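Have a look at the structure below before the remarks.
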DNA sequence: TCGGGTAGTTCATTCACTGAACTAGCCGTA
DNA sequence: TACGGCTAGTTCAGTGAATGAACTACCCGA
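Chains as they are written, first to last, in my numbering: chain B, -16 to 150; chain F, -16 to 150.
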């Protein structure tokens, strides 16, 4: 975000986090990485982001240790996976206030099929489920009419496990 | 954030949330509102944000129902308070990866003094504590040497309850 | 060596942020 | 009713970043 480093900000971890993931597009890139996107071209078509910006953001995320770049694929590191609670909380807030038809996506604990709340707590077993054990599927508020038609988007709307590469 | 409204984004609550709180400075404004700041001038001095930008952001947050503007004070609405899990998750991530000396701030359940984790769960009673029942104080990673000297910052570093106006 | 796909880079334009200075309105005082 | 100070903005020129389209570099298989 390139916020100026003020004294106040040096003592705030929120400001520090925003330096890393607060820039335009960055959290959407991380979202897609959770959903299984790994290739430059797939990020580009899915997000509709200018390719120059995508290059900059991916490079920065790799430099900061959020993504790993090997064999042409961008994959979330443990540090990147640590952003899951942030993403989940933001999705829950958006669902609650901007999606009258219900959640856009449903997250489930793969082991028992329980739904996950905004804190990733499973409705069946009560545990907080790590993203690797979570499946994602379109929710009741998902609108197929406005969905994108490209193969990557289609693949994204198929129920699948988080972090697994798209088929 | 003024992201272009693509088809893909219409089906993502994360993107929708970012339209509201994804712009530069916005989450820091909301943070300060949680910490008790309510007046235009206090936001301005605390954040070091250009006043024109602050005007724009505050107006937008009021328009979106995140803040309430009455008697010259900007106060979080219920919708705004709903952003607490987002802020808490981001702070926890920043503390974990960018604050080797420990958390910058400690949050406690006022009722029993228990520490809160990244999901606002109390270490004593085990409940998820709403922000109104949370107190904030400098944590082990807080660096007084780089702290700001103005009265507002000083007031912020004094242990106090979230959402309560600064004395 | 040709074509196609992937992963970028380049560049002119547009847009948003920055920082400093200026203004408008309110309040207490004389 | 004039004055000064305080708060909450607005204005504006300069700068830097995002946009979108076109271009390049590289690899791979035929």
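Where is the CB? At the ideal position from N, CA and C, for every residue including glycine.
Since the model is a prediction, treat every value here as computed from it, not as a measurement.
Residue burial is scored here from C-beta neighbours: residue 42 of chain B has fewer than 16 other C-beta atoms within 10 angstroms and is therefore classed as exposed. In the three-state reduction of the DSSP assignment, residue 125 of chain B falls in the coil class.
Residues of the same chain with a CB within less than 7 Å of the CB of residue 14 of chain F, apart from the 5 flanking positions on each side, are 70 in chain order. With a contact defined as Cβ atoms closer than 8 Å, residue 85 of chain B and residue 121 of chain B miss out at about 10 Å. Residues of the region 58 to 79 of chain F that bring their beta carbon within less than 7 Å of a beta carbon in chain B comprise 62, 65, 66, 68, 69, 70, 72, 73, 74, 76, 77, 78, 79, in sequence order. Judged by their CB atoms, residue 104 of chain F and residue 56 of chain F are not nearer to each other than the 7 Å cut-off. For the region 43 to 121 of chain B, the continuous alpha helix (DSSP H) assignments of 4+ residues that do not extend past its boundaries occur at 61 to 64, 67 to 81, in sequence order. Distances from the alpha-carbon of residue 106 of chain F to those of F:116, F:113, F:95, F:-8 put F:95 closest.
Straight-line spacing of the CA atoms in residue 126 of chain B and residue 11 of chain B works out to 19 Å. Within chain B, the residues 11, 14, 74, 77, 87, 88 have their CB atoms less than 9 Å from the CB of residue -5 of chain F, given in chain order. Membership of residue 150 of chain B in any alpha helix (DSSP H) is not indicated, and neither H nor E is assigned to it by DSSP.
Of the candidates B:34, B:-8, B:8, B:26, B:26 places its Cα closest to the Cα of residue 139 of chain B.
Within 10 angstroms of the beta-carbon of residue 61 of chain B lie fewer than 16 other beta-carbons, which makes it exposed.
A residue is called buried when at least 16 other Cβ atoms come within 10 angstroms of its Cβ; residue 5 of chain B meets this threshold and is buried. Here residue 53 of chain F is exposed: its Cβ has fewer than 16 other Cβ atoms, across all protein chains shown, within 10 Å. Under the three-state reduction of DSSP, residue -1 of chain F is assigned to helix.
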